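A quick write-up on the structure given underneath.
Numbering (this note's numbering), first residue to last: 816 to 1041.
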């Protein structure tokens, strides 16, 4: 988790427009926590570890650059939680994912019970959480857990999906993501107030002017993220 936190610091300081996260090799995206290590923790260590993991995943979720999890194999427990903290998720057609911790007794750490319902709905989330069952990539796409399936879990596949999005104004992307996140659990009227505030901010940007001029001049916009 500390390695991920350091990576996020590097990405934040860089001029990168996006972040792609995938597993090493072809078998697993991430199989989750080391159970052997977990069983020797004290209650205090478990609480502190959970809080730290939540903070790191929240940092990933709020990263300035859009992120994509390329699920190239098994994604269980904390591995799936990592993917859910990303802006987008693509899965290899043979990938498997789930939150199997219920079979071991302890409740999930790192907000697995909070992100999953927001992605797939409460009913489907409870089905996965309380059964601990494994979900195929096909089912994951059907229920909205992943955004799409790929035949080849390569960097090129991820770049093909994310590339066109990253050509847009980063100002627009960040404000749109902020509007969705901030208004998610609000009433419609509260959400519309947030949308109004953020759309007004967007309208004041230079990229907004460039986008409108490019449309009128029938050319491709060149955004400078300001």
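Just so it is clear, CB atoms sit at the ideal spot from N, CA and C, and this is done for glycine as well.
Please read all numbers here as calculations on a predicted model, not as lab measurements.
- In the three-state reduction of the DSSP assignment, residue 837 falls in the strand class.
- By the criterion of a C-beta distance shorter than 8 Å, residue 1005 is surrounded in its chain by 998, once the five residues flanking it on both sides are discounted.
- Nearest to residue 819 by alpha-carbon distance, out of 829, 868, 1026 and 1022, is 868.
- With fewer than 16 other beta carbons inside 10 angstroms of its own, residue 1039 counts as exposed.
- For residue 874, the enclosing alpha helix (DSSP H) starts and ends at 858 to 876.
- Distance from residue 842 to residue 888 at the Cβ level is roughly 5 Å; contact confirmed, criterion being Cβ atoms closer than 8 Å.
- Residue 958 carries a coil assignment under DSSP once its states are collapsed to helix, strand and coil.
- DSSP places residue 911 within a strand segment (E or B) once states are collapsed to three.
- Counting the other CB atoms within 10 Å of its CB gives residue 938 a total below 16, which places it among the exposed residues.
- By the 16-neighbour rule on beta-carbons within 10 angstroms, residue 855 is exposed.
- Shown here for residue 845: same chain residues with a beta carbon closer than 7 Å to its own, the five before and five after excluded, namely 838, 890, 893, 894 and 897 in chain order.
- Residue 1015 is classed as exposed because its beta carbon has fewer than 16 other beta carbons within 10 Å across all chains shown.
- Scanning 860, 861, 870 and 912 for the CA closest to the CA of residue 884 turns up 912.
- Counted as a single uninterrupted DSSP element, the alpha helix (DSSP H) harbouring residue 976 occupies residues 970 to 981.
- The three-state reading of DSSP puts residue 1023 in helix, counting H, G and I together.
- In the DSSP assignment, residue 1009 forms no beta bridge with any residue.
- Using a Cβ distance threshold of 8 Å, residue 870 and residue 886 do not count as a contacting pair.
- With the rule of 3 Cβ pairs closer than 8 Å, the region 876 to 883 does not count as touching the region 931 to 949.
- Here residue 960 is not near residue 881, since their CB atoms are 8 Å or more apart.
- When the alpha-carbon of residue 930 is set against those of 872, 971 and 1019, the nearest one is in 872.
- The residue from 821, 987, 968 and 920 with its alpha-carbon nearest to that of residue 947 is 920.
- Collapsing the DSSP output to three states places residue 984 in coil.
- Annotation for residue 882: the continuous beta strand (DSSP E) segment containing it runs 882 to 886.
- For residue 843, there is no enclosing alpha helix (DSSP H); the enclosing beta strand (DSSP E) covers residues 843 to 845.
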